[in-house]
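Below is one structure; the comments refer to it alone.
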Amino acid sequence: MSDTTRVEVAVLACAELFRDAGEIVASPMGLIPSLGAKLARLTFAPDLLLSDGQAYLLDAEGHVEGWQPFKKVLDVVVPHGRRHVVMGANQIDRFGNQNISAIGPHARPDRQLLGVRGAPGNTVNHRTSYWTPKHGTRVFVDAVDVVSGVGYDNARKAGPAAIRFHDVHRVVTNLAVLDFGTPDRSMRLRSVHPGVSVEDVLERTSFPLDTSAVTETRLPDAEELRLIREVVDPKSMRDKEVPS
Amino acid sequence: MDKRMTADEMAAELRDGMTIGIGGWGSRRKPMALIRAILRTDVKDLTVVSYGGPDVGLLAAAGKIRRLVFGFVTLDTVPFDPHFAQARQSGAVDVTEYDEGMFATGLSAAVKRLPFLPIRAGLGSDVVTTNPQLRTVTSPYADGEELLAVPALRLDVALVHLNRADARGNAQYLGPDPYFDDDFALAADRCFVSAERIVDTADLSSAPVQSLLLNRGAVTGVVTAPHGAHFTSAAPDYGRDEAFQRHYAASAKDPDSWPSFVDRFLSGGEARYQSEVARFREAA
């Protein structure tokens with residue numbers, strides 16, 4: 018499909034995060050991961066459970082199929098581990114450490130952000146992926162200022178209890194899909210979106226990436242494209258997040 | 003026992019240096035009428051424990067907070083509270099920043115009168131390095147896992163806002179999420195509840211019994227506060243006042259316009275606040 022937009026590729030890449038996930042809770046934070054999770058459920062991951070961002074689990078027809086208030090999320094859903102969260106990242110480093118807390122020194126930040134939120138608990142309890150619409154050297158940094166989501170190096174340093182369920186899966190951006198499938202679990206460039214070169218990604222990343230097996234990110238097929246455009250995002254909200 | 007009191011009487015119970023837990027979540031069902039009453043007192047040096055929203059921003063702007071225990075501060079539809087950002091960036095407040103699950107676990111330990119509870123969350127993150135007082139605990143069983151020991155988050159006072167209460171302090175939520183209000187109540191020496199409406203005990207049975215979140219044994223005082231969560235949400239009574247929240251955030255961001263916001267909305271009592279909000283709505 019020649020008229021497929023970059024953001025539609027990104028939505029599909031977010032959907033692919035949930036392929037073969039089975040009957041688990043998908044917790045996509047933000048618009049593009051949410052569209053991806055909905056697309057995944059309508060296609061190759063029909064058993065996904067999806068929250069409305071409030072206290073309900075909604076099925077594909079919009080019926081309430083479960084109750085999931087915040088206390089249940091933190092007491093049970095996260096530690097039980099049958100969940101895949103996709104979080105944003107103000108900063109992310111080579112081993113997948115993520116920062117959503119603050120920029121600059123923690124004692125007195127240059128810029129206060131949200132706080133660590135549930136990122137420390139998510140990352141040591143179940144599969145975690147990240148989405149950023151701004152692949153650049155300000156996001157892909159040598160070292161994050163406040164480790165919120167725990168990366169592979171820090172999980173290893175913290176010991177067996179931190180590693181046991183630790184599973185940082187992929188990073189999806191407006192340019193590419195990255196993962197940690199290397200011997201030392203450092204970041205690897207998995208695929209570049211159509212129209213993006215490997216050099217484009219390397220230039221916009223502060224640290225070296227393994228580029229030994231880069232492919233091109235899959236384009237949505239005709240049915241996936243129809244679902245994106247007519248069912249999961251008929252008002253084209255996606256175009257505001259990643260301009261074509 | 004009739005536990006009804008005014009918001010100002012509740013605020014007069016606070017003392018400098020107390021640890022105050024605030025219920026709700028982000029910009030959802032915050033006891034804002036009680037917060038506004040605190041703003042009218044000269045109490046200071048509070049340790050505030052909150053899944054933070056504009057409660058934190060307002061108290062920080064008024065210089066009430068010495069330390070904040072938090073996992074996030076957000077207005078939900080507006081990502082950051084400008085007052086909180088300013089307080090952090092100027093070094094005006096000390097912080098204990100926890101993972102959301104650690105925060106819940108600390109409250110739970112306080113409820114259960116335990117010194118700590120173990121949790122996996124926090125391991126490997128800067129929550130550990132920025133809180134050097136935290137300790138780990140090793141499982142005494144064969145697994146031998148070394149986990150984080152979250153100390154009990156004991157509170158002097160908890161403030162929560164619910165949809166309905168009776169005069170004796172039985173309190174009910176009618177929205178989809180109880181948040182952690184019951185834990186806040188039981189983790190505190192005294193809990194003050196504001197409610198949209200005070201009703202007869204018999205009327206509490208008009209909703210499913212599971213909606214009775216707090217029984218009177220956990221409640222010290224009850225404040226009638228219609229629109230008492232404004233501008234945060236109190237579903238199903240009302241949603242978040244997005245237009246007013248945007249006005250709050252824009253005013254908070256601009257040092258030149260904040261004094262006029264305070265003058266118009268916060269310098270009088272709750273009745274003045276609500277009537278100015280009504281005028282603001284008409285003008286919008």
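These protein sequences, in sequence, are chains B and F. Using my numbering, you'd call the opening residue of the first sequence number 18 and step up by one each time. Using my numbering, you'd call the opening residue of the second sequence number 3 and step up by one each time. By construction, the Cβ of each residue, glycine as well, lies at the ideal position given by its N, Cα and C atoms. All values derive from a computational prediction rather than experimental measurement.
Beta-carbon separation (whole angstroms), residue i vs residue j, contact threshold 8 Å
i, j, result
"B:V218", "B:L206", "6 Å"
"F:P56", "B:Q71", "Not a contact, Cβ separation roughly 19 Å."
"F:T98", "F:R122", "Contact doesn't hold; Cβ gap of about 19 Å is too wide."
"B:H101", "B:A38", "6 Å"
"B:D159", "B:D110", "7 Å"
"F:F182", "B:L131", "Between B:L131 and F:F182 the Cβ distance is about 18 Å, and since that is not below 8 Å, they are no contact."
"B:H186", "B:L34", "7 Å"
"F:V58", "F:L157", "Not quite, the Cβ-Cβ distance comes to about 15 Å (not below 8 Å), so this is no contact."
"F:F2", "F:Q247", "With chain F covering only 3 through 286, there is no way to say anything about residue 2 of chain F."
"F:A9", "F:L36", "6 Å"
Element boundaries [beta strand (DSSP E), containing residue i]
i, result
"B:Y147", "144-149"
"B:L195", "193-196"
"F:M104", "Note, F:M104: premise wrong, no beta strand (DSSP E); alpha helix (DSSP H) at 102-113."
"F:P56", "Where F:P56 is concerned, there is no enclosing beta strand (DSSP E), although the alpha helix (DSSP H) it sits in stretches over 56-63."
"F:E198", "190-200"
"B:G43", "Note that residue 43 of chain B corresponds to Ala in the displayed sequence, not to Gly. Start and end: 42-45."
"F:R266", "It is not in any beta strand (DSSP E) - F:R266 carries neither H nor E in the DSSP assignment."
C-beta contact flag for residue i and residue j at 9 Å
i, j, result
"B:H123", "F:T140", "no"
"B:P211", "B:G166", "no"
"B:L74", "B:V42", "yes"
"B:A32", "B:G53", "yes"
"F:L164", "F:L109", "no"
"F:L60", "F:V159", "no"
"F:A204", "F:A173", "no"
"F:S1", "B:R125", "Nothing can be reported for residue 1 of chain F: it is not among the residues displayed for chain F, which extend from 3 to 286."
"F:I22", "F:L155", "no"
"B:A172", "F:L125", "yes"
"F:G171", "F:A220", "yes"
"B:D170", "B:F112", "yes"
"B:V164", "F:D47", "no"
"B:R221", "B:H143", "no"
"F:L41", "F:L206", "no"
"B:L244", "B:T21", "no"
"B:M204", "B:D238", "no"
"F:V31", "F:A231", "According to the sequence displayed, residue 31 of chain F carries Arg and not Val. In contact: F:R31 and F:A231 (Cβ atoms closer than 9 Å)."
"B:F87", "F:E272", "no"
"F:K5", "F:A169", "yes"
Boundaries (first-last residue) of the alpha helix (DSSP H) holding residue i
i, result
"F:M34", "34-41"
"F:T98", "Not the alpha helix (DSSP H): F:T98 falls in the beta strand (DSSP E), residues 96-99."
"B:N171", "169-175"
"F:F74", "Neither: F:F74 is in no alpha helix (DSSP H) and is coded neither H nor E."
"B:I49", "48-59"
"B:E241", "239-243"
"F:E147", "Premise fails: F:E147 is in no alpha helix (DSSP H) and is neither H nor E."
"F:S277", "272-285"
"B:V188", "First-last for B:V188: 184-190, but that is the beta strand (DSSP E), not the alpha helix (DSSP H)."
"B:S253", "Neither: B:S253 is in no alpha helix (DSSP H) and is coded neither H nor E."
"F:T131", "128-132"
Any non-hydrogen atom of the ligand NAP closer than 8 Å to residue i Cβ
i, result
"F:R31", "The ligand NAP is not part of the structure shown, which contains no ligands of any sort."
For residue i: DSSP bridge partner residues
i, result
"B:Q129", "B:A119"
"B:W84", "B:Y73"
"F:R30", "F:W27, F:S235"
"F:Y175", "BP columns for F:Y175 are empty, so no partner."
"B:Q108", "B:N116"
"F:F118", "F:P153"
"B:D227", "B:R205"
"F:I22", "F:V50, F:V159"
"B:I180", "Answer is none; B:I180 lacks a bridge partner."
Closest residue to residue i among the options (Cα-Cα distance)
i, options, result
"B:D92", "B:G47, B:S229, B:V213, B:G135", "B:G135"
"B:I117", "F:R17, F:T76, F:A273", "F:T76"
"B:P96", "F:A87, F:T222, F:T107, F:H85", "F:T107"
"F:G117", "F:R137, F:S52, F:S29, F:G103", "Here the sequence assigns Pro to residue 117 of chain F, which means Gly is not the residue at that position. That would be F:R137, whose Cα lies nearest to the Cα of F:P117."
"F:A187", "F:F282, F:S277, F:G223", "F:G223"
"B:S146", "B:Q115, B:G153, B:D162, B:V209", "B:Q115"
"F:V45", "F:G54, F:M12, F:Q88", "F:M12"
"F:R199", "F:A190, F:S208, F:P228", "F:P228"
"F:S29", "F:V264, F:P261, F:V71, F:A236", "F:A236"
"B:V141", "B:T190, B:R181, B:V188", "B:R181"
"B:E78", "B:L226, B:P63, B:T190", "B:P63"
"F:I67", "F:H85, F:A252, F:D78", "F:H85"
"B:T232", "B:V215, B:E240, B:R246, B:L242", "B:V215"
"B:S229", "B:E247, B:S223, B:L242, B:P200", "B:P200"
"F:Q276", "F:V195, F:D239, F:S262, F:R38", "F:R38"
"B:G190", "B:N139, B:V249, B:P260", "The question names Gly, yet the displayed sequence has Thr at residue 190 of chain B. Taking only the C-alpha atoms, the option nearest B:T190 is B:P260."
CB contact below 9 Å: residue i versus chain D
i, result
"B:W84", "Of the chains in the structure shown, none is chain D; the protein chains are B and F."
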